[in-house]
Amino acid sequence: TNELHSKVQKSDEAVDVSVLDEKKEEEVFVPLELSVSCFSAVRFNVCPGGWFSHGSRCFLFVNSPMSWYNAEEHCNALGGHLASATNPREYSFLQQMTMTGSQSIAWLGGFNLQGRWMWIDREGFYYTNWYSPSSSSSSPCMYLRSSNGWGNTQCGTSLRFICSKNAFGC
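Residue numbers (the UniProt record's numbering): 1 to 170.
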């Protein structure tokens, strides 16, 4: 038979769970604002209004100063995280976004946990761009300096910030 039956024990009662075979049709709901016809010959990324596409991700400069933690929560509410800069091209793009927002610094998603720098979006932390070798110590939250490199400061400092999320791809 094409059905898989299993018993799941929950407290004192047994619950019968049936999983049908792959031939079962499923209803799929696609949000109207993301309804895009995709053709195999054309590949592109779609970002929401106000977001900017770079590579396979979308970026948004938020011109409301917040602590690093509140900025990350704000990005989460928008479906993303504070931005990571995983290579020189991304750093340059984020640098331009910050300057376009008439700012000299903005939070990024880098943070120091027990002496190790990480990105909040779980990207690999292989590319580094500290403006000073000593700047990667002490304060646990990272910001982008539009003039050169990254800096770090206390996470409660209120700064503007950059969010990122994956683009809707076709």
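Note that the Cβ used here is the ideal one computed from N, Cα and C, for glycine as well.
Please specify which runs of the alpha helix (DSSP H), each continuous and at least 4 residues long, are wholly inside the stretch 50-133, giving them in chain order. Complete alpha helix (DSSP H) runs here, min 4: 68-77 and 88-100.
On the DSSP bridge list, what partners appear for G151? Y143
With a threshold of 7 Å on Cβ separation, who are the neighbours of N166 within its own chain once the five nearest residues in sequence on each side are excluded? So the list reads S56 and R57, once near-sequence residues are dropped.
From T128 to T86, what distance separates their C-alpha atoms? 8 Å
With 16 other CB atoms within 10 Å as the buried threshold, where does Y91 fall? Its Cβ being crowded by 16 or more others within 10 Å, Y91 is buried.
By how many angstroms is the C-alpha of G110 removed from the C-alpha of S146? 16 Å
Start-to-end residues for the beta strand (DSSP E) that takes in C163: L159 to N166
What number of angstroms, rounded off, separates the C-alpha of L144 from the C-alpha of W150? 5 Å
Exposed or buried, which one is S164 when buried takes at least 16 other CB atoms within 10 Å? buried
Whole angstroms are fine: how far does the CA of N45 sit from the CA of Y126? 25 Å
To the nearest angstrom, how far is it from the Cα of S11 to the Cα of Y69? Low confidence applies here, because S11 scores a pLDDT of 31, under 50, leaving its location unreliable; read the following figure in that light. Each residue's Cα considered, the two are about 39 Å apart.
Out of F52, V62, M118 and A106, state which residue places its alpha-carbon closest to the alpha-carbon of P140. M118
Select from N152, L60 and P48 the residue whose C-alpha is nearest the C-alpha of T98. L60
Looking at C-alpha atoms only, which residue of C47, R122, F168 and N112 is the closest neighbour of N152? N112
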